[in-house]
Amino acid sequence: MQILNGVHQIKTPCPRSASWSTNVYAIEGSDGHILVDSGWDSQESLWALQEGLKAAHLKLRDIKKVVITHIHPDHYGLSTKIKQICGAQVAIHKIDADFIFPRYKDFADLMQKTEDLLRQNGVPADELPQLVGASLWMNKYVTPDLPEVKLEDGDVISNGSFEFEVLWTPGHSLGHVCLYERNRRFIITGDHVLYDTFPHVSFNPQSGGNPLANYISALKKLESFNVHFILPGHGPVFNALGLRIERILQHHEERKRAILRTLRDGLKTAYAIAQQIPWTVNGADTAFRDLGVWDKRMAVTETIAHLKLLTKEGRVSNVDMDGASLYLAKD
Ligand SMILES: [Zn+2]
Ligand SMILES: [Zn+2]
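Position 232 of the sequence shown, counting from 1, maps to 220 under our numbering, and the rest follow consecutively.
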């Protein structure tokens, strides 16, 4: 689907959910086309990409660059196969580039660190293996390889017709980038700003020390951008970036208040807090015990991210007791 003159959105499927898709953007250029994000590494995804390019009257072999907004499998997964097919260069932020092999190739150390983190944050022993292994199925849909280009904040990517400024927007992933087209006044936001979902921000072994603090300052940096269109990694294209950012910031304030309420009756682990606060799955209120294993793990790591931010703000403190990390409200 043509979004703007020379900018096409191609929806690629998720292997586990018929209702969830990844937006790939094909940007026409006089010096070769750019693909932003790639979708999961699956036959269906490659097929959707080929069909989308065909509908846009573009050819896969004319893709010269594949720019990846972040390391997650739904964005990065297919990039190596595309490179093998058409010889394009793959570009990803230098931080996420360094995470590729530890995440998708030699991941024993990452699994161990995830297990330690979840145990320390109160996940009971009998639930640990399930939660630790909850993301393993995704590795099947990624072909890991080092990128040809490691991006940094402020880099400029051009294809002769469009010029994108790389904006480092850590939070959803530590090496997440958005691509800003100053002249045409649009921005490709990956999973940093979405229209109908609050982007997931979790504390994990690859997230850096305070992912939510990073996320919020990266959001605020975009607030004053004068763009007409926001092209996200999932869901519809939209406008009014400032309003959407306001709503996301408000959401995190609500989450922090909900967490603080659970601490009124004493100190708790992140796991215990996650069991007491409301969760939403596909728009429906869902109790923690009814979440699937992947959602449970995201709920715990997201709660830790909020607790790290509350700690930084001086509103909670953190003590370690018998190997467990406990939080208590300061006032
Ligand atoms: Zn993502
Ligand atoms: Zn995504």
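A virtual CB, placed ideally from N, CA and C, is assigned to each residue, including glycine.
Remember, it's a predicted structure, so these values are computed and weren't measured experimentally.
When the five nearest sequence neighbours on each side are left out, the beta carbons in the same chain lying within less than 6 Å of the beta carbon of Gly40 are those of Ile(-2), in order along the chain. Using a Cβ-Cβ distance cut-off of 8 Å, the segment 94 to 105 and the segment 27 to 36 are not in contact, since fewer than three pairs of beta carbons, one from each stretch, lie closer than that value. The C-alpha of Gly17 is placed about 11 Å away from the C-alpha of Leu23.
Contact between the segment 174 to 183 and the segment 210 to 220 is present: 3 or more CB-CB pairs across the two stretches fall below 8 Å. Contact between the segment 239 to 251 and the segment 79 to 96 is absent: fewer than three C-beta pairs spanning the two stretches fall below 8 Å. Spanning the alpha carbons of Asp19 and Arg49 requires a straight line of approximately 13 Å. Per DSSP, His(-4) is not a residue of any alpha helix (DSSP H); the beta strand (DSSP E) it occupies stretches across -5 to 2.
Per DSSP, reduced to three states, the secondary structure at Gln(-10) is strand. The set of residues with any CB-heavy atom separation to ligand 1 below 5 Å comprises, in chain order, His60, Asp179.
In the three-state DSSP reduction, Pro112 falls in the coil class, being neither helix nor strand. Burial is judged here by how many other beta carbons sit within 10 angstroms of a residue's own beta carbon; Gly159 has at least 16 and is buried. At least one heavy atom of ligand 2 sits closer than 7 Å to the Cβ of Thr10. Annotation: Asp184 to Asn11 spans about 14 Å, alpha carbon to alpha carbon. Taking all protein chains in view, the Cβ of Val307 is surrounded by fewer than 16 other Cβ atoms within 10 Å, so the residue is classified as exposed.
At least one heavy atom of ligand 2 lies less than 7 Å from the C-beta of Gly221. Contact check for Ser67 and Trp282: beta-carbon distance about 23 Å, past the 8 Å limit, so the pair fails to qualify. When the alpha-carbon of Ile80 is set against those of Gly(-6), Lys53, Leu(-8), Gly223, the nearest one is in Lys53.
Looking only at Leu155, Lys256, Asp62, the smallest Cα-Cα distance to Lys82 is reached by Leu155. Note on geometry: alpha-carbon atoms of Ala44 and Trp267 lie some 39 Å from one another.
The beta-bridge partner set that DSSP reports for Ser313 consists of Asp308. Glu32 counts as exposed, since fewer than 16 other beta carbons sit within 10 angstroms of its beta carbon. A distance criterion of 7 Å places the beta-carbon of His239 beyond contact range of ligand 2, judged by its closest non-hydrogen atom. Ser9 is positioned such that its CB atom lies no closer than 8 Å to that of Pro3.
Closest by C-alpha distance to Gln108, out of Thr289, Thr299, Gly197, Leu298, is Thr289. Rounded to whole angstroms, Gly(-6) and Leu182 show a C-alpha spacing of 22 Å. Thr257 is a Cβ neighbour of Ser313, given a cutoff of 8 Å.
Contact between Glu169 and Phe150 is confirmed by a C-beta separation of about 6 Å, below the 8 Å threshold. Here the segment 224 to 232 does not lie against the segment 290 to 297, with fewer than 3 beta-carbon pairs under 8 Å apart.
From the listed residues Ile265, Lys284, Ser305, Asn270, the smallest Cα separation to Ser5 is found for Asn270. Relative to ligand 2, even the nearest heavy atom lies 7 Å or more away from the CB of His164.
DSSP, read as helix, strand or coil, puts Gln77 in strand.
Within the DSSP bridge table, the entry for Thr10 names Thr0 as partners. Rounded to the nearest whole angstrom, the CA to CA distance from Ala201 to Ser212 is 19 Å.
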